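Student:
Protein chains in written order, with the working numbering: chain A, 1 to 208; chain B, 209 to 416; chain C, 417 to 624; chain D, 625 to 832.
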């Protein structure tokens, strides 16, 4: 465990830096009275116990873990509207080759998972400077609406409890709540132009 | 304005203290592997411009403002499930007469507003110590689910834009999205026992 | 250990609340362009291993620990000048019986320790509200100048290393550096009126 | 002013990122039980009023300001011992051409200023990504001991008050206190090996 704590130090650093950077986009846009597609940003480093569990499940050797487990460093970006997700994706694509490299993406919004899961995932490489030289860190960025995030948190808890053997009736309930979350996103989408204009106006006034 | 900045200092302090206190409940329960009805907590002091606008609208004299405007200090507590809101209310009621006093409450969940607004409001008095002696501050605590909060934020922006004269078609859209938020809360409510048990389990494991 | 983690939760909460409260004094005074005797504030909860070590050393039974070890919750207030320490003491005395109770004080500035240690200690009782009712927490507040703090940190590391059996030549060096720290405080004291007036002026300008 | 607020956004971002990065060095070294030459890190963006004052004083046109005023973004790194300053300088030199570029340095420790001022300054260029593309920001890193910092803060207040026309007797007092600060650093330097070893030991124990 002690050994792993040491390995995870650069991941902590990458998560801290990426959080600061994505929050800066939001602050920058609000300061100049532009609508920000980013509502808020969180980040975490995977727990050692979860890393070892995942490695065991997929049969990764210990020395393969850093290269094969792509979400040891995880960033989550929450948006108000579904369209905002794609604006955030664009902002990240513009940085490709600058302060980060995009490895690949998975669009679980256009291709919703069987379970009802929706989210946009980007796997990136991010360079950091440590006291012992530079190192490139793999990180996963999840981009979601607030409703997608709420549902995903709940699904995660239930999967965790049943170790993936979720009983059929609970699976059904989960799907119904996924539908409700999807429906909320759709309703919000219909009203988004009103809201975006209103929020830009709001920032203008607050800044004067 | 300068003068108002000075008046607001104790409100800033009250908000900071109350945020620390409500976050502590969450941390305490999670640490002992109990489910926390509090998901997260935010707080803000009303902007001077908004205070003066509200005073003008209701015809309050300047020296009445601190006593008549009850939400200069505002705390918002977000919950996963509707039931959690009432558990939080109970926790606050237990402190009544200790570190705070409840002035009155408004239950806009049982009595939803015409607009679709749902939320539980508590107006409290909170004593603080300043460099010049003690002072009692009025504060408003809003307790909501994540879906209620999402909707309320959006309604607030739109009201702000139209200065309360929201056009009828947009009002209709807002009501439909309020319905969708309500429906999501209902679906989540159906699954809550599963989730609460799963999350307690999750905390137990994380803490071992 | 797990058991102790649980016992320490209210101490964490007390430290958080006290930090917010003492920082508020500083912010309040600076906001109104008054000189603040508080430069910065830190806090910590004693480590479980250190608590158990101390209990063993003094022969406290486990159930006596919370009542006999007075610095499980620790707050440190740093000041620019020696006089500021006594202004902070006064500010705390004014709150006695309000949001905290002073148990006793030790003035190691007027009565410097043999080792060269200087600092003002206040032992207080602080009431907190937990999810299971209220509880009174013992806490130690240390009030020091920056120079006193610098020296004390270094003495602490060395004592820790030698488990109190510090070799004579190192003890001598420590005393000489304590002298140097004392001398710096004295020189600063001579210039303090200039600085205090200058800093008040600085705040006035920054706030306009 | 509004216009300037917008110009300063990328500087805010650079300061945030650099603070996270230098704090990471400290955390990394402590986590692996190595002595950290960095004690703590602060940062600030120069106030608009101070920027305009400086521009006026040196006769810079508005469009020259970003290129000529090198300390709009400022980072301050505090060390326990004078030697630590040079270890920090080395750590920064190792990053030259990676995540930052060193423009030039000024060693006011080896070449103390007439006033008594001691500190190590590095002017760097730091690239950031904004919502509108990348931008290179000038920043000043000041590296100092705690005693140097204490004295410099006080000198700054006094210079500010007298707008650089500090009366002769106060100048003399300032020099005497600079001597006292220097003397404290020298005494601490004599004891530093003891302390460094003790602190490494301390981290080892805390981490086990």
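We put the beta carbon where it would ideally sit given N, CA and C, even for glycine. Note that this is a predicted model, so its numbers are computed, not measured.
1) Counting beta carbon pairs with one atom in the stretch 608-619 of chain C and one in the stretch 805-821 of chain D, are three or more of them shorter than 8 Å?
2) Excluding the 5 residues flanking residue 45 (chain A) on each side, which residues of the same chain have their C-beta closer than 7 Å to its C-beta?
3) Is there contact between the stretch 226-238 of chain B and the stretch 546-557 of chain C, where contact requires at least three CB pairs shorter than 8 Å?
4) From the DSSP output, in three-state form, read off residue 347 (chain B) for me.
5) What separation, rounded to the nearest whole angstrom, lies between the Cα atoms of residue 736 (chain D) and residue 790 (chain D)?
6) Whole-angstrom Cβ separation of residue 504 (chain C) and residue 495 (chain C), contact assumed at under 8 Å?
7) Measuring straight from C-alpha to C-alpha, what distance separates residue 568 (chain C) and residue 482 (chain C)?
8) Taking any Cβ of chain A, which residues in the stretch 736-770 of chain D have a Cβ under 9 Å from it, in chain order?
9) What number of angstroms, rounded off, separates the C-alpha of residue 552 (chain C) from the C-alpha of residue 543 (chain C)?
10) The stretch 625-642 of chain D: which residues have C-beta closer than 9 Å to a C-beta of chain C, in chain order?
11) Going residue by residue through the stretch 515-585 of chain C, where are the continuous alpha helix (DSSP H) segments of at least 4 residues, counting only ones entirely within it?
12) If you follow the beta strand (DSSP E) that residue 51 (chain A) is in, where does it begin and where does it stop?
13) When DSSP labels each residue in this structure, what does residue 281 (chain B) get in the three-state scheme?
14) Any heavy atom of the ligand GTP inside 7 Å of the beta-carbon of residue 45 (chain A)?
15) Can you find a CB in chain D that lies within less than 8 Å of the CB of residue 592 (chain C)?
16) Could you tell me the distance, in whole angstroms, from the CA atom of residue 693 (chain D) to the CA atom of residue 675 (chain D)?
17) Tell me which same chain residues have a C-beta within less than 8 Å of the C-beta of residue 509 (chain C), skipping the five on either side of it?
18) Which residue wins for smallest C-alpha separation from residue 566 (chain C), given the options C:594, C:523, C:555 and C:586?
19) Between the Cα of residue 163 (chain A) and the Cα atoms of A:57, A:6, A:38 and A:41, which residue gives the shortest distance?
20) In whole angstroms, what separates the C-alpha of residue 521 (chain C) from that of residue 557 (chain C)?
21) Keeping to the same chain, check which residues put their C-beta closer than 8 Å to that of residue 225 (chain B); ignore five residues upstream and five downstream.
22) Which residues in chain D sit within 9 Å of residue 518 (chain C), going by Cβ to Cβ distance?
23) Just how far apart, CA to CA, sit residue 118 (chain A) and residue 563 (chain C)?
24) Return the CA-CA distance between residue 616 (chain C) and residue 630 (chain D), expressed in angstroms with no decimal places.
25) For the stretch 805-819 of chain D, which residues have a beta carbon sitting closer than 7 Å to at least one beta carbon of chain C?
26) With 16 as the cutoff for other CB atoms within 10 Å, does residue 624 (chain C) come out buried or exposed?
27) Quick check: what's the CA-CA separation for residue 513 (chain C) versus residue 554 (chain C)?
28) Just checking my contact of residue 731 (chain D) with residue 744 (chain D) at CB under 8 Å: how many whole Å lie between their CB atoms?
29) Which residue wins for smallest C-alpha separation from residue 22 (chain A), given the options A:4, A:145 and A:39?
30) Just by C-beta distance, which residues in the stretch 152-173 of chain A are closer than 7 Å to chain B?
31) Less than 7 Å between C-beta atoms, sequence neighbours within five positions excluded: which residues of the same chain meet that for residue 210 (chain A)?
32) For residue 257 (chain B), count the other beta carbons within 10 Å of its own beta carbon; 16 or more makes it buried, fewer makes it exposed. Which is it?
33) Helix, strand or coil, according to DSSP, for residue 230 (chain B) in the structure here?
34) Give every residue of the same chain whose Cβ lies closer than 7 Å to the Cβ of residue 155 (chain A), excluding the five residues on either side of it in the sequence, and list them in chain order.
35) Given that residue 719 (chain D) touches chain A, what residues does it touch there, using C-beta distances under 9 Å?
Tutor: This is what the structure gives:
1) no
2) 8, 11, 12, 15, 72 and 73
3) yes
4) strand
5) 19 Å
6) 6 Å
7) 25 Å
8) 751, 752, 753, 754, 755, 756, 757 and 758
9) 4 Å
10) none
11) 562-578
12) Segment 48-58 is the alpha helix (DSSP H) holding residue 51 (chain A); no beta strand (DSSP E) there.
13) strand
14) The ligand content of the structure shown is nil, which means the ligand GTP is not present either.
15) yes
16) 8 Å
17) 518
18) C:594
19) A:57
20) 9 Å
21) 334 and 336
22) Within chain D, no residue comes near residue 518 (chain C); the closest Cβ sits about 29 Å away, beyond 9 Å.
23) 56 Å
24) 29 Å
25) 805, 807, 808, 811, 812, 814, 815, 818 and 819
26) At residue 624 (chain C) the pLDDT is 43, less than 50, meaning the model places this residue with poor confidence; the figure from the coordinates comes in the next sentence. That one is exposed.
27) 14 Å
28) 6 Å
29) A:39
30) 154, 157, 158, 160, 161, 170 and 173
31) Since the first residue of chain A shown is 1 and the last is 208, residue 210 (chain A) is not available in this structure.
32) exposed
33) helix
34) 115, 117 and 174
35) 129 and 134
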